[in-house]
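Colleague: Be aware that the sequence shown starts at -9, since it is given in this note's numbering, and climbs by one per residue. We put the beta carbon where it would ideally sit given N, CA and C, even for glycine. This one's a predicted model, so the numbers in the text were calculated from it and none came from an experiment.
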Amino acid sequence: MESTGQNPPQRNHTKLVEFIFLGFSNIPNIQEFLFGLFLIIYIIILMGNSLIIIITHVEPSLQTPMYFFLGNFSFLEICYVSVTVPRLLTDFCRQTRNISFVACATQMYFFLVFGATECFILTAMAYDRYVAICSPLLYPIIMNHRLCIQLATGCWVSGIPVHMGFTYLIFSLPFCGPNQLNHFFCDIPPVLKLACGDTLVIEMLVYVITLLVVTIPFILILGSYVRIISTILKLPSATGRRKAFSTCSSHLMVVALFFGSGIITYLRPKSSHSAGTDKFLSLFYTIVTPMFNPMIYCLRNKDFMVALKKLHLKWIVLWPHKT
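Structure (structure tokens):
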């Protein structure tokens, strides 16, 4: 693509640019169906993750590092989907789907920050499982409250400065051509397609940041689980092996869903990018995966289901007294 970043009129034009989401306008006959579907999914995500947060805070038996990180993860999921889904639902209800330059940059920034935080928290959760299974006697000492707070804080703040600078660089590019964004939110690939300057440096940075934020955490998680599975297979009791596998399988499923779609989106060659594929993959890691996460963690976790039943019984007992 020919660089036109030195043209003053185009540089001035970037201050006034608005993007227009095309979203799913190519399938107008099912707009109402998609609105209803995504609204139901969003409500499920909010309710499921809110339930996890409440139970992990009020149930004494779940006051452990594993559920501390799960509570953080659930709160993060609510933040993560709320960056894109409310805007998507709003766009289904109006004719003009324009978004200002600043609003687009803000949406991209928070999407990237929360996405990076999710990668780091999933890595911290894998480390917690690694210590619990590979060093069970030292687990209470290593995974103390102070370390859990430090790990959680590091996960939440690490991506902030990196993505602040990265987002600024992307939106410093000249945007002088079409302003129709063939997507339903301001993701990196569709925004870069509209830039008329030289995007080579930014594209290289995308690979570097994806390597640091996505690929390395993914490798660390896989390394942890190689050690975990090796340790589990050495356990003498079949019951012990089954219980250890059950506590790890939920996390592994979430990791596979989230990292798999993210790596395919950001690390595949630019020549293989297509608007339809990008939107499908984006739906997968922005909406579908967050919807399944509460189900995966809750339904496959006996301790959580016991705590949920206890909380339900408390509500039943207290409800008649309130009425």
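(1) Classify GLU67: buried if its beta carbon has 16 or more other beta carbons within 10 angstroms, exposed otherwise.
(2) Name the residue from PHE91, TYR57, GLN170, PRO76 whose alpha carbon lies nearest to the alpha carbon of ARG119.
(3) Between PHE381 and PHE101, which are expected to be in contact by the criterion C-beta below 8 Å, what is the C-beta distance as a whole number of angstroms?
(4) Following the continuous beta strand (DSSP E) through SER90, name the residue where it begins and the one where it ends.
(5) Since MET285 and GLY61 are thought to touch, with beta carbons under 8 Å apart, how far apart are those beta carbons, to the nearest angstrom?
(6) For LEU127, which residues in the same chain have their Cβ closer than 7 Å to its Cβ, ignoring the five residues on either side in sequence?
(7) Taking VAL121 as the reference, give the member of PHE270, MET133, SER162, PHE63 with the closest Cα.
(8) Given a threshold of 16 other Cβ atoms within 10 Å of its Cβ, counted over all protein chains shown, does PRO(-2) qualify as buried or as exposed?
(9) Check whether the Cβ atoms of LEU163 and LEU171 sit closer than 9 Å, and answer yes or no.
(10) Buried or exposed: which applies to GLU(-8), given that a residue is buried once 16 or more other Cβ atoms fall within 10 Å of its Cβ?
(11) Do ALA297 and LEU52 have their C-beta atoms closer together than 9 Å?
(12) Could you check the C-alpha separation between ALA95 and THR74 for me, to the nearest Å?
(13) For GLN140, name the three-state secondary structure that DSSP assigns.
(14) Starting from the C-beta of MET115, find all residues in its chain whose C-beta is less than 6 Å away, skip the five residues before and the five after it, and write them out in chain order.
(15) With distances taken between CB atoms, is the gap from ASP177 to SER251 smaller than 9 Å?
(16) If I measure Cβ to Cβ from GLY167 and keep anything under 6 Å in the same chain, skipping five residues before and after, which residues do I get?
(17) With H, G and I counted as helix, E and B as strand and the rest as coil, what does DSSP make of PHE58?
(18) Could you tell me the alpha carbon to alpha carbon distance between ASN319 and GLN85, rounded to whole angstroms?
(19) Would you give the residue range spanned by the alpha helix (DSSP H) that PHE23 belongs to?
(20) Which of the three DSSP states is assigned to GLN53 in this structure?
(21) Could you give the residue range of the beta strand (DSSP E) that holds PHE9?
(22) Is the Cβ-Cβ distance between THR157 and MET98 less than 9 Å?
(23) Closer than 8 Å by C-beta to PHE65: which residues in its own chain qualify, once you throw out the five before and the five after it? Chain order, please.
(24) Could you check if HIS153 is buried or exposed, using at least 16 other CB atoms within 10 Å of its CB as the buried criterion?
(25) Report yes if the CB atom of GLY13 is closer than 9 Å to the CB atom of LEU78, and no otherwise.
(26) Apart from the five residues on each side of it in sequence, which residues of its chain come closer than 7 Å, Cβ to Cβ, to GLU108?
(27) Spell out the partners DSSP gives GLN170 in its beta bridges.
Modeller: Reading off the structure:
(1) In the sequence shown, counting from the first residue as 1, residue 67 sits at position 77. By the C-beta density criterion, GLU67 is buried, having at least 16 other C-beta atoms within 10 angstroms.
(2) By 1-based counting over the sequence shown, the position of residue 119 is 129. Closest by alpha carbon: TYR57.
(3) Outside the shown range of the chain (-9 to 313) lies residue 381, about which nothing can therefore be said.
(4) Taking the sequence shown and counting its residues from 1, one reaches residue 90 at position 100. Element bounds for SER90: 88 to 90.
(5) Translated into positions along the sequence shown, residue 285 becomes position 295. Translated into positions along the sequence shown, residue 61 becomes position 71. Actually they are not in contact, since the Cβ atoms of MET285 and GLY61 sit about 17 Å apart, beyond 8 Å.
(6) As a first step, residue 127 is located in the sequence shown; it is residue number 137 there, counting from the start. None.
(7) Looking up residue 121 in the sequence shown gives position 131. Answer by Cα proximity: MET133.
(8) As a working mapping, residue -2 is identified with position 8 in the sequence shown. With a pLDDT of only 44 at PRO(-2), under 50, the local geometry of the prediction cannot be trusted, and the value read off the model is given with reservation. Here PRO(-2) is exposed, its C-beta having fewer than 16 other C-beta atoms within 10 Å.
(9) Numbered from its first residue, the sequence shown carries residue 163 at position 173. Numbered from its first residue, the sequence shown carries residue 171 at position 181. For the pair LEU163 and LEU171, the CB atoms are not nearer than the 9 Å cut-off.
(10) Stepping through the sequence shown from its first residue, residue -8 is reached at position 2. With a pLDDT of 43 at GLU(-8), under the threshold of 50, the modelled position of that residue is not reliable, and the figure given next carries that caveat. Classification for GLU(-8): exposed.
(11) For the purposes of this step, residue 297 is identified with residue 307 of the sequence shown, where counting begins at 1. For the purposes of this step, residue 52 is identified with residue 62 of the sequence shown, where counting begins at 1. In contact: ALA297 and LEU52 (Cβ atoms closer than 9 Å).
(12) Reading the sequence shown from its first residue, position 105 is the one you call residue 95. Reading the sequence shown from its first residue, position 84 is the one you call residue 74. Pairing ALA95 with THR74, the inter-Cα distance amounts to about 13 Å.
(13) As a working note, residue 140 is residue 150 in the sequence shown. Here DSSP, grouped into helix, strand and coil, assigns GLN140 to helix.
(14) Reading the sequence shown from its first residue, position 125 is the one you call residue 115. Result list for MET115: PHE59, HIS241, in chain order.
(15) Position 187 of the sequence shown, counted from the first residue, corresponds to residue 177. Position 261 of the sequence shown, counted from the first residue, corresponds to residue 251. Result no, Cβ atoms of ASP177 and SER251 do not sit closer than 9 Å.
(16) Residue numbering aside, residue 167 sits at position 177 when the sequence shown is read from its first letter. Around GLY167: CYS186.
(17) Along the sequence shown, one-based indexing puts residue 58 at 68. If DSSP states are grouped into helix, strand and coil, PHE58 belongs with the helices.
(18) An answer regarding residue 319 cannot be provided, because it is not within the stretch -9 to 313 covered by the chain.
(19) In the sequence shown, counting from the first residue as 1, residue 23 sits at position 33. From DSSP, the alpha helix (DSSP H) with PHE23 extends over 21 to 48.
(20) Translated into positions along the sequence shown, residue 53 becomes position 63. It is coil, neither helix nor strand.
(21) Translated into positions along the sequence shown, residue 9 becomes position 19. Run containing PHE9: 8 to 11, per the beta strand (DSSP E) assignment.
(22) By one-based count along the sequence shown, residue 157 stands at place 167. By one-based count along the sequence shown, residue 98 stands at place 108. Yes, these two residues count as a Cβ contact at 9 Å.
(23) Within the sequence shown, the letter at position 75 stands for residue 65. ASN39, ILE43, listed in sequence order.
(24) Position 163 of the sequence shown holds residue 153. That one is buried.
(25) The residue you call residue 13 lines up with position 23 of the sequence shown. The residue you call residue 78 lines up with position 88 of the sequence shown. Yes, these two residues count as a Cβ contact at 9 Å.
(26) The residue labelled residue 108 in the question sits at position 118 within the sequence shown. The answer, listed in chain order, is LEU66, TYR70, PHE248.
(27) Numbered from 1 along the sequence shown, position 180 holds the residue referred to as residue 170. According to DSSP, residue pairing for GLN170 in a beta bridge involves ILE10.
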